[in-house]
Amino acid sequence: MSECKVTCYMILLVFFSAWIFPVSLPTPDPDLLSRIDLDELMKKDEPPLNFPKTLEEFEYAFNEQGRLRHTTTGEAYVFNAREDLHRWNQKRYEALGEIITHYVYQLLETKCNLTKEIVPVDATEEEPRSFIYMSADGMSNPTKLLVLIQGCGVVRAGQWARRLIINQDLDSGTQIPFITRAQEEGYSVMVLNPNENHLEVERPAKPTALPSPEASDEPAEKRERKDDRESKKKRDFYEKYRNPQKESETEQIPIRENGSPEEHVLYAWDHFVSKAAARNVFVVAHSYGGLSLVELLIQREAQVKNRVCAVAMTDSIHNIWHQDASKSIQEWLQQHCRNWVSSPEPLDTPVEPMLSDCPRVSAGTERHELTSWRSFNSIFQFFSEALQTEEEETSNTVTTRSSHRTKPDHDHNHNDL
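Numbered per mature numbering (1 follows the signal peptide of the UniProt record, and there is no 0), the sequence shown spans residues -26 to -1, 1 to 391.
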């Protein structure tokens, strides 16, 4: 028999034996944790969830190009500051995000000269409150008003996407370019704040009831000896790895009449937009903001149609079927709205509509959060064309009415002759 055949037979014999007489694997050692080098493992323990309160303390700053850079190294923000500690890195990112939110508020007030308007307008000092931002001529500008509505999530007034602000620049991630461009072109501006829906307060800790000795049949002396045998280091290890740093429990107190993005947009319309002097209102609505705008149309159809000249949506997630929009609303959206959607096609290329509502065109990017910035110039061009069309239609209507008024007078004079 050849050596090759012998080898093959031996291999088959091994597999056959393993099948007939399976090897018994050792059962897991229930006390394995006690033999782990806890000192080595504890080196990877999660650091405290205490983070800087300012950009300076974070050692980051925005440069002249509006990009966030480390003040010492000049590098962009690094998410994974600690390897293998995703939760800690995420909490650090969120802490920076809160600082960014207030930084953008400062820019709205200092660079854009906007002021806060408290909502509800009749809020007391004791109840939760939110706010919107408005230009000085927000209620008095007689011609044009621009209303900005962001998507949902952690972003607040003045932001399109926190990720862009931190990882790219202020222009792409904030609404500031829209505000400054609008002001240069004679618009008044209102910046809504649809995600500020509640006040979050810390919930008082519930007192933990100690078990009574009677609750167990085990003698107290035996329980004490068992606790003594368990080392403090092992208990600390167990607590921190099975239940790492407990965060304080909070509860949310909703803001009256502004408890959701849809409620906030409706409230802002009723108390600010509808009362503004501007003859023509223009809206930019990103993502969930488009859904809130359609909901506003459903609730205030006649008012919106009478005041809004054009709506620019950017990757809106509205759905006219699920939101039960009427046929008349669908027709109005077809005529007065355009949705710049994420697409690989060049900017402004028509995109096949999914439903029979507003026309869809490419935003020139496949990134959802970038759609507003990439369609920036196209949106203002769309508004200019919509306003021109509106003014021409108004002029034609006035001319037609004038001719109807003069014609009977002419006939009357002719008869007198």
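The beta-carbon is built from N, C-alpha and C at its ideal position, and this holds for glycine as well.
In this text the structure is predicted, and so the values were computed from the model without any measurement.
{"Asked": "Tell me whether Q308 sits in a helix, a strand or coil according to DSSP, three-state version.", "Found": "helix"}
{"Asked": "At the level of alpha carbons, what is the spacing between R9 and T46?", "Found": "Unreliable placement is indicated for R9, whose pLDDT of 46 sits below 50; the coordinate value is still reported in the next sentence. Cα-Cα distance, rounded: 44 Å."}
{"Asked": "When you measure from the CB of E365 to every non-hydrogen atom of the ligand FMN, does any distance come out below 7 Å?", "Found": "Here there are no bound small molecules, and the ligand FMN is not part of this structure."}
{"Asked": "In the structure shown, what three-state DSSP assignment does W243 receive?", "Found": "helix"}
{"Asked": "Residues in its own chain within less than 8 Å of R348 by CB, not counting five upstream and five downstream?", "Found": "W314, L321, A337, G338 and T339"}
{"Asked": "What does the alpha-carbon distance come out to for the pair Q355 and R312?", "Found": "12 Å"}
{"Asked": "Could you tell me which residues DSSP puts in a beta bridge with T45?", "Found": "T45 is not bridged to any residue."}
{"Asked": "Please report how far the alpha carbon of M108 lies from the alpha carbon of L119, in whole angstroms.", "Found": "10 Å"}
{"Asked": "How is L321 classed by DSSP in three states: helix, strand or coil?", "Found": "coil"}
{"Asked": "State buried or exposed for S(-3), treating a residue as buried only when at least 16 other CB atoms are found within 10 Å of its CB.", "Found": "With a pLDDT of 49 at S(-3), under the threshold of 50, the modelled position of that residue is not reliable, and no figure is offered here."}
{"Asked": "Please report the residue range of the beta strand (DSSP E) in which Q226 lies.", "Found": "T224 to P228"}
{"Asked": "Thinking C-beta only, is L267 closer than 8 Å to I123?", "Found": "yes"}
{"Asked": "So which of S358, P178 and R341 has the shortest CA-CA distance to A156?", "Found": "S358"}
{"Asked": "Since W347 sits in a beta bridge, which residues does DSSP pair it with?", "Found": "In DSSP, W347 forms no bridge with anything."}
{"Asked": "Candidates V163, R136, L166 and E225: which alpha carbon is nearest P178's?", "Found": "E225"}
{"Asked": "Taking 8 Å as the cut-off, does the region 37 to 51 touch the region 99 to 115 (at least 3 CB pairs, one atom from each stretch)?", "Found": "no"}
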